[in-house]
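Each residue of the sequence shown is one higher than the last, beginning at 1 in my numbering.
Each residue gets a CB set at the ideal place from its N, CA and C atoms; glycine is no exception.
Since the model is a prediction, treat every value here as computed from it, not as a measurement.
Here is the structure we will look at, set down as structure tokens.
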Amino acid sequence: MPPREIVLFPDPVLRRPAREVERFDADLERLVADLAETMYAAPGVGLAAPQVGVDLRVAVVDAGGADGGPDLHVLVNPRLVASAGRQSEEEGCLSIPGLSERVERPLRVTVEALDARGAPVSVSGEGLLARALCHELDHLDGILFFERLTGLRKELALRRLRKLPFLQEATA
């Protein structure tokens with residue numbers, strides 16, 4: 001199947017908390033496969049179901065394995081169970097092309113979730129993997145990365161956001 005179309009800000013699906021997955025079936029497995037294919041094609045390091053217009057708590061993350069190869073994590077109904085330290089790095093989003101900002105996130109996290117078949121999984125990571133996990137969990141809660149900014153940095157980011165070409169085209 002071709003990659004799915006990525007939903008762009010300000011689509012309302014990006015601002016709503018996603019629904020818990022209740023059915024683990026072929027449709028869910030297809031969604032997970034589509035998310036991974038779309039993420040790799042974009043390219044990105046993570047993608048949440050709301051970013052393809054699906055209101056479910058499903059995300060995929062691949063920040064690369066220790067050997068430099070792929071390391072795909074499938075997260076269904078994920079929840080953050082531990083975090084430690086702080087990091088502040090540049091962050092962008094496939095649903096907001098052209099905007100990137102320094103965002104503070106935990107340095108290390110552990111996320112518990114289910115896989116596409118309903119089996120429990122736990123993912124622990126630091127650095128880029130921790131950042132990507134937090135970013136995708138935010139998507140599932142209807143939070144966009146620029147909402148993590150404060151004060152003048154947030155105000156300036158919102159000004160830049162309003163001037164992005166894809167938003168200008170959408171309102172023209």
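Cβ distance (whole Å) where V13 is taken to contact P50 below 8 Å: Residue mapping note: residue 13 aligns to position 13 of the sequence shown, counting from 1. Residue mapping note: residue 50 aligns to position 50 of the sequence shown, counting from 1. About 5 Å; that satisfies the 8 Å criterion.
Using only CA atoms, which one of A42, R79, S95 and P70 lies nearest to P10? Here residue 10 refers to the residue found at position 10 of the sequence shown. When each option's Cα is compared against that of P10, the closest is S95.
Tell me the residue span of the beta strand (DSSP E) that contains R108. By 1-based counting over the sequence shown, the position of residue 108 is 108. Unbroken beta strand (DSSP E) run through R108: R108 to L114.
Among D62, P97 and A119, which has the Cα closest to the Cα of D25? If you number the sequence shown from 1, residue 25 lands on position 25. It is A119 whose Cα lies nearest to the Cα of D25.
What residue range is occupied by the uninterrupted beta strand (DSSP E) comprising L47? By one-based count along the sequence shown, residue 47 stands at place 47. That run of the beta strand (DSSP E) goes G46 to A48.
Segment contact, 8 Å Cβ cut-off, at least three pairs: the segment 22-38 with the segment 55-71: yes
In this structure, how does DSSP classify R131 when only helix, strand and coil are distinguished? Reading the sequence shown from its first residue, position 131 is the one you call residue 131. Helix, per DSSP.
Using 7 Å as the threshold, is the C-beta distance between L129 and L80 below it? Residue numbering aside, residue 129 sits at position 129 when the sequence shown is read from its first letter. Residue numbering aside, residue 80 sits at position 80 when the sequence shown is read from its first letter. Going by C-beta atoms, L129 is not nearer than 7 Å to L80.
Whole-angstrom C-beta distance between E90 and G148, which should lie under 8 Å: If you number the sequence shown from 1, residue 148 lands on position 148. If you number the sequence shown from 1, residue 90 lands on position 90. It is Arg, not Gly, that sits at residue 148 in the sequence shown. Rounded, the Cβ-Cβ distance is 13 Å, inconsistent with contact.
Below 8 Å on the Cβ atoms is my guess for P3 versus E37; work out the distance and round it to an integer in Å. Counting from one through the sequence shown, the residue named residue 3 turns up at place 3. Counting from one through the sequence shown, the residue named residue 37 turns up at place 37. Right, the Cβ-Cβ distance comes to about 5 Å (below 8 Å), so this counts as a contact.
In terms of DSSP beta bridges, what is H73 paired with? On the sequence shown, position 73 is the one that residue 73 refers to. H73 is bridged to V61.
Is R160 helix, strand or coil when you go by DSSP? Residue mapping note: residue 160 aligns to position 160 of the sequence shown, counting from 1. Correct three-state label for R160: helix.
What span of residues does the beta strand (DSSP E) with V32 cover, start to end? Walking along the sequence shown from the start, residue 32 turns up at place 32. Where V32 is concerned, there is no enclosing beta strand (DSSP E), although the alpha helix (DSSP H) it sits in stretches over A26 to A41.
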